[in-house]
Amino acid sequence: MKRVAIIGAGPAGSAAAIALRRTAGVEVVLLERKTFPRAKACGSGLSPWALDTLDDLGLGRAIRAAAYPIRAALIGAGLGAPVELRSRYQAAIYLRSDFDMLLAREAARRGADLREGVRVDALARHAGRLVGVSTSGGDLEVDAAIVCNGATSTLAPASRPGRTLNAIMGWYEGVEGISDAVELYFDPVVKPYYGWLFPESPRRVNIGICYAPTDGGPNALERFETFVATRFGRRARHATRIGRLVGHPIATTYRPAALSQHGTLVAGEAGRLVDPVTAEGIHHAMATGLIAGEMLGDVLARGLEPTAERLAPHTARVRRRLGAGLWTGQALLAVTRTPVLDWALRFASTRSMKSVLTWALARA
Ligand SMILES: Cc1cc2nc3c(=O)[nH]c(=O)nc-3n(C[C@H](O)[C@H](O)[C@H](O)COP(=O)(O)OP(=O)(O)OC[C@H]3O[C@@H](n4cnc5c(N)ncnc54)[C@H](O)[C@@H]3O)c2cc1C
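So the sequence shown is numbered by the numbering used here: it starts at 6 and just counts up by one.
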């Protein structure tokens, strides 16, 4: 029996565990430093592609039934009035603490040994080969590992080129004008990135911003307060904030690199696999977790040692799956740096411009 440690039970880790459990003769230990349900700073937005991937995992129906359905987006830029774009695609919002618990429990139901409250401190290597993981609960001998421990991972290979964004967000009840639309605002205080309002229910929303860190200038809280006052001042007159604001980095890239070593694959945000402009990472985490689990399962099922050479195609597979989308995100980022979006939204009442914007939104 081969043993694989999956480090981190976010969407990447749980998807990897589910994929790996499809291989006979592999013991899957899913190690999570927190205990479910655990909070996660996240807009909890599930894109149409994330919902498709959940269908592949056999969870699409359950998630759709529990999630808040999204059928449109309100886009604003340059402090102008937002424009509503509707498309045939359906998205959803599902609170991350519930979502991640559901996924992890599903991995356990399919046979993964889910160990909560166990932190992995290091990967143990001998002569370049992975031999185990050191955890807060003791050492564990393993034949391979999949590193899925998110944006701040120090376990993934060091070379992870990309850009790290700052994000801060909070939850509110009683904001007026909530519909079936997510709201995205490319305002001056966050540009070329954006601030958002995502409805989690007819009464409850999450509001946040992501932006590139700069030397000097307003801090995260100042930017957030400016954003909320500018965009939601009137609508949030009678709103109450639930809990405190939370901040978290977002590790993005448009060219995934260094996702494998001897006995080790990287998936999800530990590999910076997050869209450079939208900061979408849930779909990317699940998709790459699946790729990693399937690839490792294939090598182990054939009785082969998971050498660096055998695992090397992982990076190419991830690029094939996500590369075009990540490059599109990077191209859109070039657009949001200019006044082009403000200009396009000003002419969005024309049918042709609305179609172009709806298409671009669907691509993003
Ligand atoms: C404010 C904010 C808003 C966002 N909004 C969206 C959105 O609306 N839609 C979207 O698609 N994406 C969004 N993202 C991005 C998305 O949250 C991440 O890209 C996604 O969660 C990555 O999944 P993951 O499984 O790779 O990592 P994570 O979800 O971060 O999971 C990593 C797991 O590893 C555990 N862990 C960490 N270190 C260790 C360790 N040493 N040992 C054991 N366990 C460990 C953590 O506790 C965690 O459970 C947002 C991000 C932020 C910060």
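Positions of the beta carbon are idealized from the N, C-alpha and C atoms, including for glycine.
Computed from a predicted model, the values in this text were never measured in an experiment.
Item	Value
Completely contained beta strand (DSSP E) runs for the stretch 129-198, where each covers 3 or more residues	134-140, 143-146, 149-152, 168-178 and 186-191
Reference V271, options E299, A70 and D185, closest by Cα	E299
Any non-hydrogen atom of ligand 1 within 7 Å of R124 CB	yes
Anticipated Cβ contact below 8 Å, G222 with L25, distance rounded	The pair is not a contact, with the Cβ atoms about 45 Å apart (cut-off 8 Å).
Nearest to A217 (by Cα), restricted to the options E227, Y199 and V210	Y199
Supposed contact pair G137 and D126 - C-beta distance, whole angstroms, cut 8 Å	Between G137 and D126 the Cβ distance is about 12 Å, and since that is not below 8 Å, they are no contact.
Which listed residue (N224, A256 and L202) has its alpha carbon closest to that of A241	L202
From A44, R38, R91 and A96, residue whose alpha carbon lies closest to that of G65	A96
Helix, strand or coil at L64 according to DSSP, with G and I counted as helix	coil
Distance cut-off 7 Å: N154 Cβ against heavy atoms of ligand 1	yes
Beta-carbon separation (whole angstroms), T169 vs P42, contact threshold 8 Å	Rounded, the Cβ-Cβ distance is 27 Å, inconsistent with contact.
Cutoff 6 Å; reference A284; Cβ partners in own chain excluding five residues on either side	C215 and I255
Closest Cα partner of H243 within the set V33, E181 and S52	E181
Endpoints, beta strand (DSSP E) assigned at L202	G200 to P204
Reference N211, options D185, G175 and A78, closest by Cα	G175
L100 versus G48 - alpha carbon distance	8 Å
E314: CB within 7 Å of a non-hydrogen atom of ligand 1	no
Opening and closing residue of the beta strand (DSSP E) in which H253 lies	T245 to T257
beta-carbon R38 near ligand 1 non-hydrogen atom, thresh 7 Å	yes
Heavy atom of ligand 1 within 7 Å of V304 beta-carbon	no
Pair within 8 Å by beta-carbon distance, I173 and L108	no
Burial state of M6 (16 or more Cβ within 10 Å)	exposed
Backbone secondary structure at V123 - three-state DSSP	coil
Local conformation of D118 per DSSP, three classes	strand
Selection from A117, A329, G122 and E178 that minimises the alpha carbon distance to P281	A329
Backbone CA spacing between H289 and L278 [nearest angstrom]	6 Å
Local Cβ density within 10 Å of L159, reported as buried at 16 or more and exposed below that	First, the residue type needs correcting, since residue 159 is Thr and not Leu in the sequence shown. Looking at its Cβ environment, which holds fewer than 16 other Cβ atoms inside 10 Å, T159 is exposed.
H131 to E314 span [Cα, whole Å]	17 Å
DSSP state of E37 mapped onto helix, strand, coil	strand
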